[in-house]
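S.K.:
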Amino acid sequence: MFFGIVCSFYILINKSDVNKKIIVGFLSFILLIIIILTSSVKGFSFGNTSLVTDKDTYYTHEKIKINASWELYYDSEYETSYVQIQIIDIFDEQLWNSARYYSIGIIEKNWTVNIQALNITYSNFSNVLIVRIYQTYTHSETGSESESIREITTINLIKRSITCQLTGFKNDLILGDSNSFSAYFFSTETGTSLMNETFQLITTYNKEIFFQTNFTTNESGEVSFNISTISHLNLGRNEIIFRMKNNVLYNDTAFSYEIFVKKIPVFVNITNFEDNLEEANIIKIQLYYYYLFNQSEKPIENEDIKLVFYINSISEYESNLRTNQSGFLDIKIFPNNIIFKTAAKSIYVNVIFNGTTQLENKTISFNLKIENFSYQGISTLFSFTNISLFSILVVLFLFISLKVHKLQRTKFKLIRDLTFKF
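When the letters of the sequence shown are read in order and numbered with numbering that gives the first Met the number 0, they come out as residues 0 to 421.
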């Protein structure tokens with residue numbers, strides 16, 4: 000056929016005066032087309048590949064821009080071949096692939112891949128991804144098949160760091176109190192709020208978990224929590240931890256804060272107190288012990304209180320008492336129960352409450368002033384002795400007088416007692 004066409008053009012050229020240049024140009028074009036078509040069916044050909052990404056390192060919330068080009072030739076009557084762009088991880092697990100491109104000739108394509116849309120979970124997360132050109136070939140008559148990988152390029156994935164800011168958080172609390180605070184989480188690199196992200200809140204005491212729960216940030220990247228010293232903490236030094244773990248976009252992070260829970264303070268009101276120690280008086284003191292719990296006043300019931308009396312910084316006397324069911328403590332001090340020294344001018348008294356597992360220790364102190372106790376005491380004792388001796392003497396004198404009078408009466412008989420005999 001080709002030979003017939005050439006002969007026809009040759010005869011036409013010799014028989015006519017048509018411009019030979021135009022005919023030769025047209026003939027050359029036809030020949031070029033025939034050569035190209037002939038070469039295209041000579042056999043399969045794949046080459047001149049190129050694969051690039053817009054950068055080498057990506058944060059996990061970014062997008063990968065890919066550009067690839069290649070040349071593919073095959074006989075579509077007997078052969079099948081296509082090209083595909085693939086992204087795999089280091090475990091050879093395919094995370095993404097493009098469409099299959101069967102077009103013959105020189106091809107160039109662009110793709111934008113959202114990393115968040117990739118099939119990446121914590122279990123298969125890797126810091127390195129592989130982008131490659133994948134090609135496959137099949138011959139329908141011979142049944143032969145082949146595949147090849149071209150232009151492999153690697154990219155690095157990095158997670159973003161997190162920052163936490165607390166508002167209204169208190170490091171020191173009293174047992175029974177609670178603390179409402181908010182935590183704000185955002186990306187350290189971009190300042191973007193962490194919306195709808197899950198965190199774990201853990202409280203520990205002596206490095207053991209005391210309480211834990213999960214929470215999700217709101218659209219502002221915040222979470223509010225009311226931490227209770229009763230339900231979530233223990234007495235003493237506690238640690239509160241905000242933890243993010245197994246997140247694809249952000250690094251595993253833990254934020255730790257210390258909270259110290261103190262015992263409940265004890266308050267003492269003096270309802271009755273006489274601070275002058277006079278002769279033969281009884282000192283009466285009434286104290287009221289109470290504490291505050293959930294902003295309510297609670298009496299300290301049936302708790303032991305110890306009294307220690309000091310004279311010249313030396314403990315001279317101790318006494319153990321107990322509050323009643325209303326929290327009152329009645330103290331009665333008898334001067335004769337305490338060893339007073341003539342040089343002592345005051346008595347220093349400590350009233351000691353040693354606390355409980357929840358209530359703190361409380362000690363109050365006061366002075367009892369001694370005014371002329373030593374001298375008046377001696378004078379009083381002397382007067383009492385004199386009165387006693389005088390009373391004894393008066394009784395003895397009366398007794399002796401009565402006895403003498405009785406004896407005198409026995410010496411004489413009454414007339415009626417006399418008996419005459421004849």
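Backbone N, C-alpha and C fix where the C-beta goes; we use that ideal spot for every residue, glycine too.
(1) Would you mind sorting S255 into buried or exposed? The rule is 16 or more other CB atoms within 10 Å of its CB.
(2) Short check: CB of I154 to CB of V130, under 8 angstroms?
(3) Would Q357 be called buried (16 or more neighbouring beta carbons within 10 Å of its own) or exposed?
(4) Does S49 come out as helix, strand or coil in the three-state DSSP assignment?
(5) For A423, which three-state DSSP category applies?
(6) Give me the DSSP bridge partner(s) of F266.
(7) Roughly how far, in whole angstroms, is the beta-carbon of V454 from the beta-carbon of L172, given that I think they are within contact range, below 8 angstroms?
(8) Please give me, in chain order, every unbroken run of the beta strand (DSSP E) with length at least 3 that falls completely inside the region 72-135.
(9) Rounding to the nearest angstrom, what Cα-Cα distance links H138 and Q83 in this structure?
(10) Straight-line CA distance for E218 to Q199?
(11) When DSSP builds the beta bridges, which residues end up paired with I304?
(12) To which residues of the same chain is F292 closer than 7 angstroms at the C-beta, ignoring the five residues directly before and after it?
(13) Helix or strand or just coil, what does DSSP make of G235?
(14) How would you call S75, buried or exposed, if buried means at least 16 neighbouring beta carbons within 10 angstroms?
(15) CA-CA distance, Y183 and R149?
(16) To which residues does DSSP link D329 through a beta bridge?
(17) Here's the rule I'm using: 16 or more other beta-carbon atoms within 10 Å means buried, otherwise exposed. How should S364 be labelled?
(18) In this structure, how does DSSP classify T153 when only helix, strand and coil are distinguished?
(19) Measuring straight from C-alpha to C-alpha, what distance separates E70 and I103?
(20) How close, in whole Å, do the beta carbons of I422 and I208 come, if the pair is a contact with beta carbons under 8 angstroms?
(21) Do L193 and T216 come within 8 angstroms of each other at the CB atom, strictly closer than that value?
(22) Express the C-alpha separation of L156 and Y57 in angstroms, rounding to a whole number.
(23) Just the Cα atoms here: how many angstroms apart are G167 and F272?
(24) Kindly list the residues whose CB is nearer than 8 angstroms to the CB of N461, restricted to its own chain and excluding five residues on each side of it in sequence; keep chain order.
(25) If you reduce the DSSP assignment to three classes, tell me which class T215 lands in.
(26) To the nearest angstrom, how far is it from the Cα of S230 to the Cα of S223?
(27) Using a Cβ-Cβ cutoff of less than 8 angstroms, which residues in the same chain neighbour G354 once the five nearest sequence positions on both sides are dropped?
(28) Starting from E257, trace the beta strand (DSSP E) both ways and give me its first and last residue.
(29) Using only the alpha-carbon positions, how far apart do E146 and A67 sit?
(30) Who are the Cβ neighbours of N366 in its own chain at under 8 angstroms, not counting the five residues just before and after it?
M.R.: This is what the structure holds:
(1) exposed
(2) yes
(3) exposed
(4) strand
(5) Because the chain here runs from 0 to 421, residue 423 falls outside it and cannot be looked at.
(6) Y289
(7) One cannot answer for residue 454 here, as it falls past the ends of the chain, which runs 0 to 421.
(8) 78-88, 93-96 and 104-113
(9) 18 angstroms
(10) 18 angstroms
(11) L320
(12) G175 and I263
(13) strand
(14) exposed
(15) 47 angstroms
(16) Q285
(17) exposed
(18) strand
(19) 7 angstroms
(20) In the structure as shown, the chain begins at 0 and stops at 421. Residue 422 is therefore absent and cannot be evaluated.
(21) yes
(22) 5 angstroms
(23) 43 angstroms
(24) A query on residue 461 cannot be resolved here, the shown segment of the chain reaching from 0 to 421 and no further.
(25) strand
(26) 17 angstroms
(27) K262, V265, N360 and K361
(28) T252 to K261
(29) 18 angstroms
(30) D274, S345, I346, Y347 and V348
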